[in-house]
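Colleague: Handing you this structure, nothing more for now.
Residue numbers (the numbering used here), protein chains in the order written: chain B, 31 to 317; chain X, 620 to 761.
Written as structure tokens, this is what we have:
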């Protein structure tokens, strides 16, 4: 019966693990719904400000804002990497880091140095091992990140950009496509990329009130902040969705493992009984 | 038929309004703005105050309170990127008065520069809300 007992403890331990993964799956599912709502509600602002910035990139302002000027020589590149604080969410973070690293390697091959701005503990741990220069980081933002949580961190990168310490700023984020699919995405934040809109091709400029510098400063700063904030909010939804799917497949795997073990256990038990009977029968025959 | 333009009002939390309108008024830091279709491109900071607009096919203006932000005008698109937006009829006079008092008190008591600036910003917001409420009342009476 020794084999049967061993199998029984194994089944018990897997059942316990399954309970945990099942609970995590359900928690992630309910958190995902809320995170998704938050993501949807903040999205219009991020999209509209992006549109306005697109228009602005087509204007011909008298005042040249540093965020709109494309610097020819790129010596240092900044990356803002948005990751989760906690693990057990499938390949979400790793896929994102792979995307970031491929771009980082690309720039390094062009002779540029790298500055990182990290959001989330996972990226912090990963890139410290990777050996990159981390200029700023924000961790433990929780499930409901606030704009004020990231302003300081993003501010460091903006100051670096203004001071000419970095010449490009990229954002590496997870895009929430649906519950099953989250896609890592790399976007250029600074300098602002020009959009292609034929209707705005002619030479024109805004009237600025009160002054070009004041308005543009505020608008562009808000633009970067809102894009990063949106990415952070979206990342929470991605994290929950990814965790839900990962935990569901973990529970399923545990289930099929238990089935297999149960079968093995039954066989072992049956074999033991058969053996006992044959022992008794042969014992009786001997008498 | 009157010409229309598209208006979007978004705050950091949600999209407030999106649709065709005939005219829109907003209070920028440099004064009151009135915008009709085919206005030239304009980019301006908004002061805490009122944004009112006339949706297409309606005679009455809709009133909103905006707690500062940025307005972008293209000939046929107007975008208001607001910090906070409250529908004017949801504005609470008692709450605004309370906020004003609190801000004034804070300004008297705390001389720390940062606190003072915050209290001052709150005071400006509260005053703008009260002004809008008063204006609305007058309009309803008149």
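Glycine included, every Cβ here is placed at the ideal spot set by N, Cα and C.
1. Sort X/642, X/657, X/644 and X/685 by Cα distance to residue 634 of chain X and report the nearest one.
2. For the ligand SAM, I want to know if residue 187 of chain B counts as a neighbour, meaning its beta carbon is within less than 7 Å of at least one of the ligand's heavy atoms.
3. Alpha carbon to alpha carbon, what distance is there between residue 715 of chain X and residue 253 of chain B?
4. To be precise: take each residue of the region 62-77 of chain B, compare its Cβ to all Cβ atoms of chain X, and keep it if any distance is under 7 Å. Which residues remain?
5. Leaving out the 5 sequence neighbours to the left and right, which residues in its chain are closer than 6 Å to residue 597 of chain X when beta-carbon positions are compared?
6. Against residue 693 of chain X, what residues of chain B qualify as contacts under a CB-to-CB distance less than 7 Å, listed in chain order?
7. Is the beta carbon of residue 637 of chain X closer than 8 Å to that of residue 652 of chain X?
8. Under the three-state reduction of DSSP, which class applies to residue 136 of chain B: helix, strand or coil?
9. Do we get a CB-CB distance below 8 Å when we pair residue 93 of chain B with the residues of chain X?
10. With a threshold of 7 Å on Cβ separation, who are the neighbours of residue 38 of chain B within its own chain once the five nearest residues in sequence on each side are excluded?
11. Can you say whether residue 308 of chain B is buried or exposed, counting buried as having 16 or more other CB atoms within 10 angstroms of its CB?
12. Please confirm if the region 207-219 of chain B is in contact with the region 262-279 of chain B, defined as three or more CB-CB distances below 8 Å between the two stretches.
13. Secondary structure at residue 213 of chain B, three-state DSSP: helix, strand or coil?
14. Within 8 Å of any Cβ in chain X, is that where the Cβ of residue 81 of chain B sits?
15. Taking only beta-carbon positions, decide if residue 648 of chain X is within less than 8 Å of chain B.
16. In chain B, what lies closer than 9 Å to residue 627 of chain X by C-beta?
17. Cβ closer than 9 Å: which chain B residues qualify as neighbours of residue 703 of chain X?
18. Counting C-beta neighbours from all protein chains within 10 Å, is the total for residue 624 of chain X 16 or more, i.e. buried, or is it exposed?
19. Strictly below 9 Å CB to CB, what residues from chain X border residue 244 of chain B?
20. For residue 698 of chain X, list the residues DSSP reports as bridge partners.
21. Check the C-beta distance from residue 281 of chain B over to residue 48 of chain B and give it rounded, since I have them as a contact under 8 Å.
22. Which residues in the same chain have their Cβ closer than 6 Å to the Cβ of residue 108 of chain B, if we skip the five residues on either side of it in sequence?
23. Give a yes or no on whether the minimum CB-CB distance between residue 623 of chain X and chain B is below 8 Å.
24. Quick one: which chain B residues come within Cβ less than 7 Å of residue 751 of chain X?
25. Under the rule that 16 or more other beta-carbon atoms within 10 Å means buried, what is residue 622 of chain X, buried or exposed?
26. Pull out every residue of the region 224-237 of chain B whose Cβ sits closer than 8 Å to any Cβ of chain X, in chain order.
27. In angstroms, rounded to a whole number, what distance separates the CA positions of residue 292 of chain B and residue 41 of chain B?
28. For chain X, is any of its Cβ atoms less than 8 Å away from the one on residue 239 of chain B?
29. Give me the Cα-Cα distance between residue 171 of chain B and residue 301 of chain B, rounded to the nearest whole angstrom.
30. Could you tell me which residues DSSP pairs with residue 674 of chain X in its beta bridges?
31. Any contact between the region 130-143 of chain B and the region 175-195 of chain B? By contact I mean 3 or more CB pairs, one from each, below 8 Å.
32. Run through chain X and tell me which residues come within less than 9 Å of residue 248 of chain B, C-beta to C-beta.
33. Fully enclosed by the region 237-284 of chain B, which beta strand (DSSP E) runs are 3 residues long or longer?
34. Count the other CB atoms, across all protein chains shown, that sit within 10 Å of the CB of residue 691 of chain X; report buried if there are 16 or more and exposed otherwise.
Modeller: Considering the structure as presented:
1. X/685
2. Among the ligands in the structure shown, none appear at all, so the ligand SAM cannot be discussed.
3. Our two residues, residue 253 of chain B and residue 715 of chain X, have alpha carbons roughly 30 Å apart in a direct line.
4. So the close ones are 71, 72, 74 and 75.
5. Residue 597 of chain X is absent from the structure shown; chain X starts at 620 and stops at 761.
6. 85
7. It is not a contact, given that the beta carbons lie outside the stated cut-off.
8. helix
9. With respect to chain X, the C-beta atom of residue 93 of chain B has no partner C-beta closer than 8 Å.
10. 295
11. exposed
12. Contact between the region 207-219 of chain B and the region 262-279 of chain B is present: 3 or more CB-CB pairs across the two stretches fall below 8 Å.
13. strand
14. Cβ-Cβ to chain X under 8 Å: yes for residue 81 of chain B.
15. yes
16. 74, 78 and 81
17. Per Cβ cutoff of 9 Å: no residues; residue 703 of chain X is ~11 Å from chain B at best.
18. buried
19. Going along chain X in sequence order, the residues near residue 244 of chain B (Cβ under 9 Å) are 648 and 664.
20. X/627 and X/691
21. 6 Å
22. 145, 187, 196 and 199
23. no
24. Per Cβ cutoff of 7 Å: no residues; residue 751 of chain X is ~21 Å from chain B at best.
25. exposed
26. 234, 235, 236 and 237
27. 7 Å
28. yes
29. 56 Å
30. X/640
31. Too few Cβ pairs lie closer than 8 Å, so no.
32. Close partners of residue 248 of chain B in chain X (Cβ separation under 9 Å): 664 and 689.
33. 237-239
34. buried
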